[in-house]
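Everything on this sheet refers to the single structure shown next.
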Ligand SMILES: [Zn+2]
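In structure tokens, the structure reads:
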């Protein structure tokens, strides 16, 4: 029984270590530096490049997974519940433009099919 408990603990410890392992992401702007990932921002260590992405976008924290997709695929998964400046909730993808600036991409309007009356 003791051995069993110990192996569970070891597993938990390993999981904890794995989850703090941050992905190695290359700066999308200068494409040479490895990005520094912090709780609040993701930034390029090169001051001349100065690329930065805030982890909190319209009130929602962007997960490490989404930061990874943003850098590697230029697009996050759908991020829900963001709040616009006007106070309206919205869902959107964050995308990286060719100049490495981030932008929003909105879901295709599902109500575009109209019932012709
Ligand atoms: Zn850079």
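Numbering (my numbering), first residue to last: 39 to 155. Note that CB positions come from ideal geometry on N, CA and C, so glycine has one too.
Local conformation of residue i per DSSP, three classes
i	result
residue 139	coil
residue 124	coil
residue 113	strand
residue 44	helix
residue 154	For residue 154, the predicted model reports a pLDDT of 48, less than 50, meaning its position is unreliable; a value from the coordinates is still stated below. Coil, per DSSP.
Contacting residues, own chain, Cβ-Cβ under 7 Å from residue i (five flanking each side not counted)
i	result
residue 128	120 and 122
residue 153	Bear in mind that a pLDDT of 49 at residue 153, under 50, signals an unreliable position, so the model cannot answer this.
residue 150	With a pLDDT of 49 at residue 150, under the threshold of 50, the modelled position of this residue cannot be trusted, and the question is left open.
Beta-carbon gap between residue i and residue j smaller than 8 Å
i	j	result
residue 140	residue 91	yes
residue 87	residue 67	yes
8 Å CB neighbourhood of residue i in its chain, flanking five on each side removed
i	result
residue 113	107, 131, 132, 133, 134 and 143
What are the complete beta strand (DSSP E) segments, minimum 3 residues, inside the region 54-105? 79-81 and 90-92
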